[in-house]
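Have a look at the structure below before the remarks.
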Amino acid sequence: MRLIKTDLKEKYVQSAFSKIAKRYDLTNSLLSFGLHHFWKNFTVSQLENVSEGEFLDICSGTGDLAIKTVEKLPGGKVKALDFCKEMIDFGKAKAVKSGLNNKIEFIHGNAENLPFEDGCFDGTTVGFGIRNVKHINKAFNEMYRVLKPEGKAVCLEFSTPPSSLFKSIYLFYLSNILPVIGGLFGGDFDSYKYLSTSIKEFPNQERLKKIMEDAGFRDVKYHNLTFGIVAVHVGIKSN
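Numbering (our numbering), first residue to last: 68 to 306.
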């Protein structure tokens, strides 16, 4: 399965995530063997020098990163944006259950056209969502626009393991195991086949770093986690 054409991508992805929203969190834990919690905690830790402020979580899904942000940065508030209403509904329910709904506002919107004024956030996060947007560069341009000067953007995404041996094992898992487990527990084989393909065709660490730099971010660096299965990219908006 090749990735769908850019002009059809937004509607396809929106439909795919609406189908798997109900079991999304469970399937995430199964497919990552629970490691996604560690990856997300590390992502939020990159914002710890900004203990208070306004944060934006883009492609927020069911709100994991938004919830972890206000848990670890109790002085902060988060706007959690996603273009899939079904995912947002589950995120709202999780925030209420966690008692954090007064610190998180869920918004139905598009990462490529953020409904916010320039320079209004101290930090932005995006976790496992940037590869699903129609134009990655536009999403980073928008993140840059809405950040305050010296604000920080943190991006958690699947990436390319540096080790050729581990990369081969990882690609086998993506092609042959992930879609099956996702189909069985997530309830939609095609959606997880898309997930597998989107991971394999996503820019590697250096290419994503260049995309962020082209959007204007400075001091862009990345951290490989779990042998490079995922990478956390961090960039700062210039003063």
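We put the CB at the ideal spot given by N, CA and C, even for glycine. None of the values given here were measured: they were computed from a predicted structure.
Item	Value
Straight-line Cα distance separating G128 from C151	7 Å
Outcome for I236 when other beta-carbon atoms lying within 10 angstroms are tallied against a minimum of 16	exposed
Where the beta strand (DSSP E) through F225 begins and ends	L214 to F225
Close-in-space but distant-in-sequence residues of the same chain around T227 (CB under 7 Å, 5 per side omitted)	K234, N271, Q272 and G295
Identity of the residue in D255, M154 and G194 nearest W106 by Cα	G194
Sequence ranges, alpha helix (DSSP H) only - wholly within the region 254 to 290, length at least 4	256 to 267 and 272 to 281
T129: first and last residue of the uninterrupted beta strand (DSSP E) it sits in	Per DSSP, T129 belongs to no beta strand (DSSP E) and is neither H nor E.
Anticipated Cβ contact below 8 Å, F225 with V297, distance rounded	5 Å
At least three beta-carbon pairs within less than 8 Å, the region 133 to 146 to the region 85 to 100	no
Exposure label - K78; buried when at least 16 CB within 10 Å	exposed
According to DSSP, residues forming a beta bridge with A147	D124 and F173
Cβ separation of G143 and F122, assumed to be a contact under 8 Å, to the nearest whole Å	5 Å
Secondary structure of L97, DSSP reduced to three states	helix
Opening and closing residue of the beta strand (DSSP E) in which F188 lies	F188 to G194
Touching by the beta-carbon criterion (3+ pairs, under 8 Å), the region 238 to 256 and the region 206 to 218	no
Residue of C222, K288, S305 and I174 minimising C-alpha distance to K215	S305
Beta carbon of Y211 nearer than 8 Å to that of G120	no
Backbone CA spacing between R285 and M279 [nearest angstrom]	8 Å
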